[in-house]
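Trainee:
In this note's numbering, the protein residues as written are 14 to 91.
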């Protein structure tokens, strides 16, 4: 029984590993990892207004999460 389970786990692990390897090879061949300058170009060409807007958006999201958490705590306290 234990040997059968080990054999089954080994076969499933090999199949999953082979599938992941094939997916990685396919992605490399089709150029999925070719855009190495995207982040650098994004930093160089982003305006300060865009960066400030992103910071404000993050602050609003954080405040909304905190408000929601505070409301949930207030409901629990009642």
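Backbone N, C-alpha and C fix where the C-beta goes; we use that ideal spot for every residue, glycine too.
I need the boundaries of the alpha helix (DSSP H) containing residue 26, first residue and last residue.
Mentor: Here residue 26 corresponds to residue number 13 of the chain shown, with the count starting at 1. Element bounds for residue 26: 15-42.
Trainee: The alpha helix (DSSP H) with residue 85 in it runs from where to where?
Mentor: For the purposes of this step, residue 85 is taken as the residue at position 72 of the chain shown. Taken as a continuous stretch (DSSP letters only), the alpha helix (DSSP H) holding residue 85 covers 61-90.
Trainee: If you reduce the DSSP assignment to three classes, tell me which class residue 54 lands in.
Mentor: Looking up residue 54 in the chain shown gives position 41. Looking at residue 54 - three-state DSSP - the assignment turns out to be helix.
Trainee: From residue 63 to residue 82, what distance separates their C-alpha atoms?
Mentor: Translated into positions along the chain shown, residue 63 becomes position 50. Translated into positions along the chain shown, residue 82 becomes position 69. Note on geometry: alpha-carbon atoms of residue 63 and residue 82 lie some 29 angstroms from one another.
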